[in-house]
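2 protein chains.
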Amino acid sequence: MGSTASGRTFGDRIAEAVEARQSQIVLGLDPDPAHLWPGSHDAAPAGGPPAERAALAVAAHCVAVIDAVGPAVVAIKPQLACFERLGAPGRMALGVAVDAAHDAGLLVLADGKRGDIDVSATAYAQSLVGSTPTPFGEVQGLGADAITASPYMGVDTIRSLLQLARPAGAGVFVLVRTSNPGAADVEDLRLADGGALWERVARLVADVGSEGVGARGLSDVGAVVGATAPEHVARMRELMPDAVFLLPGVGAQGGRVEDLAPAWLPGPAAGLVTASRSIVQASERGAGGRAQDAARTEAERLRKVAWALA
Amino acid sequence: MGSTASGRTFGDRIAEAVEARQSQIVLGLDPDPAHLWPGSHDAAPAGGPPAERAALAVAAHCVAVIDAVGPAVVAIKPQLACFERLGAPGRMALGVAVDAAHDAGLLVLADGKRGDIDVSATAYAQSLVGSTPTPFGEVQGLGADAITASPYMGVDTIRSLLQLARPAGAGVFVLVRTSNPGAADVEDLRLADGGALWERVARLVADVGSEGVGARGLSDVGAVVGATAPEHVARMRELMPDAVFLLPGVGAQGGRVEDLAPAWLPGPAAGLVTASRSIVQASERGAGGRAQDAARTEAERLRKVAWALA
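Protein chains in written order, with this note's numbering: chain A, 2 to 311; chain B, 2 to 311.
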């Protein structure tokens, strides 16, 4: 579990990984059991309970996708909901995907958008980037290298996550301005003392992250910044000079890598482009050919576009 | 799984349950494997992996707590993080707690504070209050009767949860103004067009909830309203006339049931008081005696105080 620790900060770890792999692409994994790559079902023996069979197929699918796409990406971003809906077997499938990613030299960004009061935030950190002391021995968590978090409940919830993440060399990506249509409802609200709510949250992220800037100039507190609102990216960079931006919304949601250049002002690892369906379903979305080949081609295309901008 | 459906809305279901049990108390379950009731460890056979042993002990603890306290409460509120940190065995322990609660006639409010874009929110709803179609058969979710959700990403994320929750007769409790110190950082921010952010969120909750008001006058969209800021409760009620309030922060966090009267203006089920440590750890927190007896006495005390106010 966990390729973390060894004394380096998350910012240094991601900077080194991006440079070594010349990639800023993050492979989103949100497997739908009804929509897996051909051959994944062969991993599910006939006759077992549906959850176990589906989870085995999901695990096989994730391993195949990581195999095909791994060389073009720097990390995976499993969407925890997609695994949780398969119950306990789903958690095992998630562990398989995480191990496959680590074996392929990739980092793992666990996408759960957690946020809770101190003791509960600690339990989430134990679950995802740490471990839990019990009278029966230490229970290892998922071994992720970073997690996503919601800022609604305030900075203490982020600090509680960091208290375990930081010593483990893991990072926390805080939702700042997301890529969904509803982002306008709350994130874009104008504040009485000026600016939008997301700008205030960006300042909070910069503040809590200033204590976790590594030797390479990047903080262990990053920001989720939707690629569907590229007009905000320059302002985000101004407000969060040391934060790594996790940029969802490219491809299926309409964002374009070409619009995200300000993300990379601090260096090539300062912007991570996540893509899920546009890579994994590239074949059926128009590229045709084998799922593996189409996915790898699309990931490699994205890698080159982003790398040229950085 | 799930005592949901049968055509009734969550608002009607909670109204009936509160009246039948004469209780508005919700038992929070946030089990720490290092801090379980005496005897729980007997359920963990020697020699297994730590996660399995800890999960079996946690399950035994939860069943014992539900046994002791069940008669005084209307629902349990498992904190998902505390189970997730034990991996796949933790998910099984959570299922045991949910089944024990349903067997005892209690509702289950799954406390995960989820919030994500459409497809991911759907996956969370499948996981917690619905089921997931797979080529291997339908995979049943946790069978919870309601879930907690974060509003940061906007109304579409809440609507996506409701799309599955509502037909199942399940509810969604949206974070409005929470009980932690950091709540001031974001939730209390003043908006340019007047009021605090939490007031705007309250309006959004009322709006999305207006489509789910049952025959008993309560909506299936509730609000998490920290009992540590009782000065806001009357204003909350004004803004969300049909919402069931989930009121954490009583006891360990300093809130007092006596201060929450405006919550119950629409009826006895319109305010649910959650208490975790103050009930489960009542013995060691000063009451003394057997853990079971002290917990039941404290839960019964809270029940009477709240019922007298409603």
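All residues carry an ideal CB built from backbone N, CA and C; glycine is no exception.
- Using a Cβ distance threshold of 8 Å, A/L192 and A/R201 count as a contacting pair.
- Residues of the stretch 204-230 of chain A that bring their beta carbon within less than 8 Å of a beta carbon in chain B comprise L205, in sequence order.
- Within the same chain, G215, A216, R217 come within 6 Å of A/D13 by CB-CB distance, once the 5 residues on both sides are set aside.
- In this structure, B/T133 lies away from A/R92, with their beta-carbon atoms at least 8 Å apart.
- When beta bridges are read from the DSSP output, B/K78 appears opposite B/G29.
- Nearest to A/A197 by alpha-carbon distance, out of B/Q127, B/A203, B/L190, is B/L190.
- A/T275 is the residue among A/T275, A/A16, A/S161 whose C-alpha sits nearest the C-alpha of A/L28.
- With distances taken between CA atoms, A/S121 lies nearest to B/A82 out of B/E139, B/D117, B/A82.
- For B/L219, no alpha helix (DSSP H) encloses it, and the DSSP letter there is neither H nor E.
- The beta carbon of B/S279 does not come within 8 Å of any beta carbon belonging to chain A, so the residue lies off that interface.
- Under a 10 Å Cβ-count criterion, A/G210 is classified as buried, with 16 or more other Cβ atoms of the shown protein chains found around its own Cβ.
- DSSP places B/D100 within a helical segment (H, G or I) once states are collapsed to three.
- If you keep only unbroken alpha helix (DSSP H) runs of at least 4 residues inside the stretch 17-71 of chain B, you get 51-70.
- Runs of alpha helix (DSSP H) with 4 or more residues, each lying fully within the stretch 242-294 of chain B, are found at 278-281, listed in chain order.
- Along the length of the stretch 189-235 of chain A, whole beta strand (DSSP E) runs at least 3 residues long occupy 222-226, reported in chain order.
- B/V175 is the residue among B/L107, B/V175, B/R167, B/Q254 whose C-alpha sits nearest the C-alpha of B/A224.
- Rounded to whole angstroms, A/D294 and A/V66 show a C-alpha spacing of 10 Å.
- Assigned with DSSP and collapsed to three states, A/F84 falls in helix.
- Contact between B/G170 and B/A16 does not hold, since the beta-carbon distance rounds to 12 Å and is not under 8 Å.
- Nearest CB-CB separation between B/P269 and chain A: not below the 8 Å threshold.
- Annotation for B/D186: the continuous alpha helix (DSSP H) segment containing it runs 184-187.
- Only D31, D33, P34, A35 from the stretch 20-36 of chain B bring a Cβ to less than 9 Å from some Cβ of chain A.
- Residues of chain A with a Cβ closer than 8 Å to the Cβ of B/E299 do not exist; the shortest Cβ-Cβ separation is about 19 Å.
- With a threshold of 8 Å between beta carbons, A/V156 makes contact with chain B.
- With contacts defined as CB atoms closer than 8 Å, A/A300 and A/A73 qualify as a contacting pair.
- DSSP assignment within the stretch 98-164 of chain B yields the following whole alpha helix (DSSP H) runs of 4 residues or more, N-terminal first: 119-129.
- Residue nearest to A/G106 within the set A/R278, A/V173, A/I77, A/L240 is A/I77 (criterion: CA-CA distance).
- Annotation for A/R178: the continuous beta strand (DSSP E) segment containing it runs 172-178.
- Spanning the alpha carbons of A/I26 and A/V97 requires a straight line of approximately 21 Å.
- Per the coordinates, the alpha-carbon of A/E239 lies some 43 Å from the alpha-carbon of B/L30.
- Against B/T135, the close residues of chain A are P34, A35, P51, A55, in the order they occur along the chain (beta-carbon pairs closer than 7 Å).
- With a contact defined as Cβ atoms closer than 8 Å, A/V173 and A/A147 qualify at about 7 Å.
- Against chain A, the CB of B/H42 has a partner CB under 8 Å away; the residue lies at that interface.
- Within the same chain, G29, D31 come within 6 Å of A/S277 by CB-CB distance, once the 5 residues on both sides are set aside.
- Exposure of A/D104 is indicated by the presence of fewer than 16 other C-beta atoms within 10 angstroms of its C-beta.
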